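S.K.: Counting from 1, position 923 in the sequence shown corresponds to residue 923 in full-length UniProt numbering; the numbering is continuous, with no gaps.
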Amino acid sequence: MTDVLQLLWNSPFPASLQDASFRIVDVNAAYLEYTGYTRERLIGIDPLELQPPEDRAANAVARFKVLDGFRQGSAAEFIDRRLIDAQGREHWFRSAPMQLRDDKGQPVYLLLLQDCTAEHAARERADRSARELDDWFDLSPVGMVLFDEAGLLVRTNPAFDALVGEAPPLLSDASPSLSQLLAWHDGRPAEKLQPGSLPLTTEGWIIQPDGLQRRLRSTVRCYETPGGQRRYMAVVEDRSAEEERDLAQMQIGALVDTAGVGIATFQENAGWLKQNHQAMEGTGTSAALRSISRDIVIPESLPEYERLQQALRLAQRAEVRYAVKHPELGQRWLLTRVEPATLASGQRTTSVVTLDITEQHQSQMRGEQLLHELATILESSTAGIAYLRGNALVRCNRRFETMLGLPRGGVAGASLHELFASVPQGHRIADDTASALEEGHTYETEFELFASHAGDAPSMWVALSVRRTGPVGTAMEAIAVLSDITRLKVQQTELEVLARDRELMFSLSEVGIAYLRGGRIQRVNDALAQLAGYPAQELAGLSLMQFFTDEAEHERTWAMEEQALRQYGRWNGERQLRRRDGRLLWVQVSKRLVVDGDLSGGIIASYVNVDGRHRAEQAVALQAERTRAILDSVLVGIVTVGPNGIEWMNRSARRMFGGDLADFLEHPISTVATPEAEHPFRQTHYLDSLVEGQAETFECRVKARDGREFWVVGNVVATGRQAGRQLTYALLDIERRRQAEARTAQVQTSLQRIIEVAPMAITLRDAHSLRILQVNEVAARSLGRTAAELVGCTPEETYEPSIAAQRRQDMEQALASRRLTHFEYRVGEAGGPVRFWDARYLPLASPGQPPDQLLLVATDVTEQRAAQEARFEAAVTQREMLVKEVHHRIKNNLQGVAGLLQQIATRKPEVASAISEVVGQVQAIAQVYGLQVGVSGPLRLKGVIEAITGSVQRTFGHPILLTVSGSAPHQWALPEAESIPIALTVNELLTNAVKHSMAGRGLQVSVQMVSEDDNVQILIANRAQLPPDFNLARFPGGVSGLGLVRALLPRRSASLALEQRGEDVVATVRLSPPGISKLDPM
1 MTDVLQLLWN SPFPASLQDA SFRIVDVNAA YLEYTGYTRE RLIGIDPLEL QPPEDRAANA
61 VARFKVLDGF RQGSAAEFID RRLIDAQGRE HWFRSAPMQL RDDKGQPVYL LLLQDCTAEH
121 AARERADRSA RELDDWFDLS PVGMVLFDEA GLLVRTNPAF DALVGEAPPL LSDASPSLSQ
181 LLAWHDGRPA EKLQPGSLPL TTEGWIIQPD GLQRRLRSTV RCYETPGGQR RYMAVVEDRS
241 AEEERDLAQM QIGALVDTAG VGIATFQENA GWLKQNHQAM EGTGTSAALR SISRDIVIPE
301 SLPEYERLQQ ALRLAQRAEV RYAVKHPELG QRWLLTRVEP ATLASGQRTT SVVTLDITEQ
361 HQSQMRGEQL LHELATILES STAGIAYLRG NALVRCNRRF ETMLGLPRGG VAGASLHELF
421 ASVPQGHRIA DDTASALEEG HTYETEFELF ASHAGDAPSM WVALSVRRTG PVGTAMEAIA
481 VLSDITRLKV QQTELEVLAR DRELMFSLSE VGIAYLRGGR IQRVNDALAQ LAGYPAQELA
541 GLSLMQFFTD EAEHERTWAM EEQALRQYGR WNGERQLRRR DGRLLWVQVS KRLVVDGDLS
601 GGIIASYVNV DGRHRAEQAV ALQAERTRAI LDSVLVGIVT VGPNGIEWMN RSARRMFGGD
661 LADFLEHPIS TVATPEAEHP FRQTHYLDSL VEGQAETFEC RVKARDGREF WVVGNVVATG
721 RQAGRQLTYA LLDIERRRQA EARTAQVQTS LQRIIEVAPM AITLRDAHSL RILQVNEVAA
781 RSLGRTAAEL VGCTPEETYE PSIAAQRRQD MEQALASRRL THFEYRVGEA GGPVRFWDAR
841 YLPLASPGQP PDQLLLVATD VTEQRAAQEA RFEAAVTQRE MLVKEVHHRI KNNLQGVAGL
901 LQQIATRKPE VASAISEVVG QVQAIAQVYG LQVGVSGPLR LKGVIEAITG SVQRTFGHPI
961 LLTVSGSAPH QWALPEAESI PIALTVNELL TNAVKHSMAG RGLQVSVQMV SEDDNVQILI
1021 ANRAQLPPDF NLARFPGGVS GLGLVRALLP RRSASLALEQ RGEDVVATVR LSPPGISKLD
1081 PM
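And the structure:
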């Protein structure tokens, strides 16, 4: 025993020895390394002090349970607890105390700690990833479905259920259209769906619950799970919107072609567009009426025709009817509609539709004749008919007056109360009629008319029906019809007596009863009507086939029923009944012939609802099947062991053990255990000692039938049943985890060697605290400290306070981006040389997890930056010289071109006026380039206007008055791209003003620049007069005059207005950002 304790004490597992009051007596070296405390700090304290405060109360209570267990002679259970080490880090460990006796016979407790921090962290990360994936799957607006090789729908999202409706659990039970959409053929996936292959795209039509079809497209991809199973992911998109759009376009085209309507549309950018040429060429009438001129319009319709032309000119909405006298077709009536609109792009458009309504007009004339004929028919009718407007009678036939006893021809204008004054309940009838008509309902009632004098004819029953002819909200117009129903009333009374007698036979039974003949229902009781979900009156006459799932089932079932009825006169059985809402119910059916041996005599059938019993049976079977399917789908091996050996195991366990269930049935689980004597699979006492529901955790090696050996972690739970106790083992393969831990240690060693020998400054920090974990000598020298001094330091402990805050912000930004982040730092002391460091931060994290470390790699690039700055300054100087020389040469060349054009104008006076405009434009451009000589960037707007004004004044020899007003006009500048268009605009407006002034209308031409806070206005005025109907929008873009101005002005930031102010014409150019900008004061 002493040797065993010494072995445990020297093991790498943390161990502590506690006295009867659970205070630490001694700890081993592994415990000191695990907690980070010294032995003096730990001896004599209660281990609860090392645990988080929130865990201490529960762990204190657990001690008493352990003591109770020791008194009863049972071993303590393993319990997971937390511990806070000296550095404040949290550790999870698993332990179970063992009770020993010291030299004095007092109880002491030995605790071995097994660290499980990584296990808890991995479980927490796995749970979080699963929740995020579930949220993404459910919130996706695209239909998504996951199924396996057997066609089991593992999961669907709400979008998929909304697209395809309620899908069965298995694709083998799904409709052919859904199977085709998901690439499921002949009970298996398509051959093209292989792991790593391209997704397979299919399209199909799915029938919705409302009976309509919806076009869907799916993209199916196959992938292989780590366990070797294949899964199929499908993304389903709704393509019905495209079908509806194409159908709408086809319907509109067919409607226009069929109606023979002429349509023309005016657009600002394309003019008049004709449509429906093929339809008009195919019908002679429409083609002949395609173009209507004033000379064929008959005189009576000329005012309407003029109104149509006015609407076309002003782009106003209008609808005009007019008649024409066509030389081939004769007189025709036309209807033309003008509909203006503004497109989404802001362009105005006008559509004109012309329709030949000659037949409609002729029909109206014929309608007047038919009105006379209908009046004759109404007077000959045996029913009383009246027309009401508002609450008054407009007209009625003689039969209506006779039935109500009203004087002939004297009831027009009478109210409803006056019409039914002779009826005992006339006041109620009038009020109910008015209320029903106000609500838009048809009012129907029956009442009895008594003879007005004794000895007259007997009383008469009449039926009144009043129906509104127009919609609710308009003036009330209605038709009232009175019918003599005296004979029908007598027959109805006789039928009601008979119906009551028969109804008593059916309504008193809780069993559904029906009378059948010829395969159709003749009569049913309320119990059957409620069972089928139909009103009882709608069931009469329905075929029995409507209550079956399909026609084939009805024919098969009826063949058996008919044989039994002919042979025995009765038939009993159970089948599914389809309700009106489509649901299926299991019912017990009993049928008996009314006449023995004669099917034509009818059948009495009774129906009893047994759906609850069937559903309960199906639910039990389905739950058992689902449980087995779930256990087969998990990656954890599940093995059930009874007294005789293995009884069942899932797919993962069969794969671990390397065989099928038949190979291990009734064999002990130790068959796959390695030779160790203490192997958990050899612990047969579990079957008797484990309490039901208690779990025992273990970690061991397993040897499969194929010779593979691997590590597993698992637990065993004892459960009870009627046939005896069972042990359920849950096993997880951790062989890869152990290999990964070994590879991780190797990679860390290699990384450490690289960091030490690299010529760059490399630092590895903790992602949470930003403390330095590793640092090489280059980085330590750059900070003026040793590597050992820097390990464990935060940015605030490494840099000065002003620098530390910026470095911490850069590190947090790099961690938030989760990708490579680049920064450049200037490092240097006051008065000393400045060094430039190129720093790159890279967050290190496991796939799908937040970063846990931050890697910094920095390179000294001081010499490189100095060389780059020298090359940049040389290039800037050379560019400025080249730009200055180019602008100077452009100005000289443009002035030379202007001089040559002036010489041509002198030699050829006939083109002098046109050439003078070109000369002015060239000189304006030259002035802009002249201002740019020696200046880079935007041009001052004030200088451009002064230069253009001087150029025009010199060209025409005409005085121009220039004034500048407003706040800081010299700060406004033009970008290089906008300077020439604005200069040409000012030049063209000044040229027009000077020309009109030189024509004798006045000598004064003025230019005023007005500077405001957010814009600049340039006002050019001269003594002139605009035409009365002048409209600036009518001038299209051109190469001179106002057309050139409209073409040159930037649409986003400039506007032009031309207006008459007294005797002067004022042109206003308004410029605003971004076409101009405001510079800093000079």
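No residue lacks a Cβ here, since even glycine has one placed at the ideal position from N, Cα and C. A quick note: this is a predicted structure, and the numbers were derived from the prediction, not measured.
Rounded to a whole number of angstroms, what is the C-alpha to C-alpha distance between residue 1055 and residue 1062?
M.R.: Indexing the sequence shown from 1 puts residue 1055 at position 1055. Indexing the sequence shown from 1 puts residue 1062 at position 1062. Spanning the two alpha carbons is a distance of roughly 22 Å.
S.K.: Quick check on the burial criterion: 16 or more other C-beta atoms within 10 angstroms. Buried or exposed for residue 572?
M.R.: Stepping through the sequence shown from its first residue, residue 572 is reached at position 572. So residue 572 ends up on the exposed side.
S.K.: Apply the 10 Å Cβ neighbour rule to residue 951 and answer buried if 16 or more other Cβ atoms are within range, or exposed otherwise.
M.R.: Translated into the one-based positions of the sequence shown, residue 951 becomes position 951. When all chains shown are included, residue 951 counts as buried.
S.K.: Within 10 angstroms of the Cβ of residue 393, are there 16 or more other Cβ atoms? Answer buried if so, exposed if not.
M.R.: Reading the sequence shown from its first residue, position 393 is the one you call residue 393. Under this definition residue 393 is a buried residue.
S.K.: Around the C-beta of residue 278, are 16 or more other C-beta atoms found within 10 angstroms, so that it is buried, or is it exposed?
M.R.: Counted from its first residue, the sequence shown places residue 278 at position 278. Its pLDDT being 46, under 50, residue 278 is placed unreliably by the model, and the measurement read from it follows with that caveat. With fewer than 16 other Cβ atoms within 10 Å, it is exposed.
S.K.: Going by C-alpha distance, which of 55, 96, 942 is nearest residue 82?
M.R.: Position 82 of the sequence shown, counted from the start, is the residue given in the question as residue 82. Measuring from the Cα of residue 82, the nearest candidate turns out to be 55.
S.K.: Rounded to a whole number of angstroms, what is the C-alpha to C-alpha distance between residue 747 and residue 205?
M.R.: For the purposes of this step, residue 747 is taken as residue 747 along the sequence shown, with counting starting at 1. For the purposes of this step, residue 205 is taken as residue 205 along the sequence shown, with counting starting at 1. Between residue 747 and residue 205, the C-alpha separation is close to 54 Å.
S.K.: Alpha carbon to alpha carbon, how far is residue 872 from residue 865? Give it in angstroms, no decimals.
M.R.: Against the sequence shown, residue 865 aligns to sequence position 865. Against the sequence shown, residue 872 aligns to sequence position 872. Distance between the alpha carbons of residue 865 and residue 872: 10 Å.
S.K.: Flag this pair as touching only if the segment 569-586 and the segment 607-616 have three or more C-beta atom pairs under 8 Å; answer yes or no.
M.R.: The segment 569-586, when compared against the segment 607-616, does touch it at the 8 Å Cβ threshold.
S.K.: Mapping DSSP to helix, strand and coil, what is residue 609?
M.R.: Your numbering for residue 609 matches position 609 in the sequence shown. Here residue 609 sits in strand by DSSP.
S.K.: Should the segment 436-443 be regarded as contacting the segment 404-422, the criterion being three or more beta carbon pairs within less than 8 Å?
M.R.: Judged by Cβ distances under 8 Å, the segment 436-443 makes no contact with the segment 404-422, as fewer than three pairs qualify.
S.K.: Identify, in the order they occur along the chain, each residue of the same chain with its Cβ nearer than 6 Å to the Cβ of residue 333, setting aside the five sequence neighbours on each side.
M.R.: To locate residue 333, count along the sequence shown from 1; it is residue 333. Correct list, in chain order: 323, 357, 358, 361.
S.K.: Tell me where the beta strand (DSSP E) around residue 715 begins and ends.
M.R.: Looking up residue 715 in the sequence shown gives position 715. Residues 709-719.
S.K.: With three or more beta-carbon pairs closer than 8 Å as the criterion, would you say the segment 664-676 touches the segment 635-653?
M.R.: As far as the Cβ criterion goes, the segment 664-676 touches the segment 635-653, which means the pair count is three or higher.
S.K.: With distances taken from CA atoms, which of 628, 990, 101, 34 is nearest residue 1007?
M.R.: Locating residue 1007 in the sequence shown gives position 1007, where the first residue counts as 1. It is 990 whose Cα lies nearest to the Cα of residue 1007.
S.K.: Identify, in the order they occur along the chain, each residue of the same chain with its Cβ nearer than 7 Å to the Cβ of residue 1080, setting aside the five sequence neighbours on each side.
M.R.: Within the sequence shown, numbered from 1, the residue matching residue 1080 stands at position 1080. Correct list: empty, nothing qualifies.
S.K.: By Cβ distance, which residues of its chain are closer than 8 Å to residue 60, with the 5 residues on each side in sequence left out?
M.R.: Your numbering for residue 60 matches position 60 in the sequence shown. Excluding positions up to five away in sequence, the list reads 48.
S.K.: Answer with buried or exposed for residue 65, where buried requires no fewer than 16 other C-beta atoms within 10 angstroms of its C-beta.
M.R.: Looking up residue 65 in the sequence shown gives position 65. When all chains shown are included, residue 65 counts as exposed.
S.K.: So for residue 137, helix, strand or coil by DSSP?
M.R.: Indexing the sequence shown from 1 puts residue 137 at position 137. Reduced to three states, the DSSP call for residue 137 is helix.
S.K.: What first and last residue would you give for the beta strand (DSSP E) that runs through residue 539?
M.R.: Within the sequence shown, the letter at position 539 stands for residue 539. Not the beta strand (DSSP E): residue 539 falls in the alpha helix (DSSP H), residues 536-539.
S.K.: Measure the alpha-carbon distance for residue 103 versus residue 7 and round it to whole angstroms.
M.R.: As a position in the sequence shown, residue 103 is number 103, starting the count at 1. As a position in the sequence shown, residue 7 is number 7, starting the count at 1. Rounded to the nearest angstrom, the two C-alpha atoms are 19 Å apart.
S.K.: Within this structure, are the beta carbons of residue 482 and residue 464 separated by less than 7 Å?
M.R.: As a first step, residue 482 must be located in the sequence shown, where it is residue number 482. As a first step, residue 464 must be located in the sequence shown, where it is residue number 464. In contact: residue 482 and residue 464 (Cβ atoms closer than 7 Å).
S.K.: With a cut-off of 8 Å, do at least 3 Cβ pairs link the segment 692-702 to the segment 618-636?
M.R.: Counting Cβ pairs under 8 Å, fewer than three are found: no touch.
S.K.: Closer than 6 Å by C-beta to residue 98: which residues in its own chain qualify, once you throw out the five before and the five after it? Chain order, please.
M.R.: Reading the sequence shown from its first residue, position 98 is the one you call residue 98. Result list for residue 98: 110, in chain order.
S.K.: In the DSSP assignment, the alpha helix (DSSP H) including residue 429 goes from what residue to what residue?
M.R.: Residue 429 sits at position 429 when you count from the first residue of the sequence shown. Residue 429 -> alpha helix (DSSP H) spans 426-438.
S.K.: Give the straight-line distance between the Cα atoms of residue 960 and residue 973, rounded to the nearest whole angstrom.
M.R.: Within the sequence shown, residue 960 is the residue found at index 960, counting from 1. Within the sequence shown, residue 973 is the residue found at index 973, counting from 1. Spanning the two alpha carbons is a distance of roughly 23 Å.
S.K.: Spatial neighbours of residue 772 within its chain, please: CB distance less than 7 Å, with the 5 preceding and 5 following residues excluded, ordered by chain position.
M.R.: For this step, residue 772 is matched to residue 772 along the sequence shown. Around residue 772: 763, 765, 790, 791, 792, 793.
S.K.: Go ahead and label residue 568 buried or exposed: buried means 16 or more other beta carbons lie within 10 angstroms of its beta carbon, across all protein chains shown.
M.R.: Mapped onto the sequence shown, residue 568 falls at position 568. Classification of residue 568: exposed, given that the 10 Å Cβ count is below 16.
S.K.: Helix, strand or coil: which one does DSSP assign to residue 191?
M.R.: Numbered from 1 along the sequence shown, position 191 holds the residue referred to as residue 191. Three-state result, residue 191: coil.
S.K.: Determine the extent of the beta strand (DSSP E) in which residue 326 is found, giving its start and end residues.
M.R.: Taking the first residue of the sequence shown as 1, we reach residue 326 at position 326. Counting along the chain, the beta strand (DSSP E) containing residue 326 begins and ends at 318-326.
S.K.: Does the contact criterion of 3 or more C-beta pairs under 8 Å hold for the segment 216-226 versus the segment 187-199?
M.R.: In short, these stretches touch, since the Cβ pair count reaches three.
S.K.: Buried or exposed: residue 676, going by 16 or more other Cβ atoms within 10 Å of its Cβ?
M.R.: The residue labelled residue 676 in the question sits at position 676 within the sequence shown. The residue is exposed, with fewer than 16 neighbouring Cβ atoms inside 10 Å.
S.K.: Between which two residues does the alpha helix (DSSP H) holding residue 41 run?
M.R.: Taking the first residue of the sequence shown as position 1, residue 41 is located at position 41. It spans 39-42 - the alpha helix (DSSP H) in which residue 41 sits, taken as one unbroken run.
S.K.: Which of helix, strand or coil does DSSP assign to residue 934?
M.R.: Position 934 of the sequence shown holds residue 934. Confidence at residue 934 is low in this model, with a pLDDT of 47, below 50, so its placement is unreliable and no value can be given for it.
S.K.: Output yes or no for whether 7 Å exceeds the beta carbon distance between residue 1093 and residue 988.
M.R.: The structure shown does not extend to residue 1093, since the chain is modelled only from 1 to 1082, so the question has no answer here.
S.K.: Tell me, please, which residues DSSP counts as bridged to residue 700.
M.R.: The residue given as residue 700 occupies position 700 in the sequence shown. Bridge partners of residue 700: 712.
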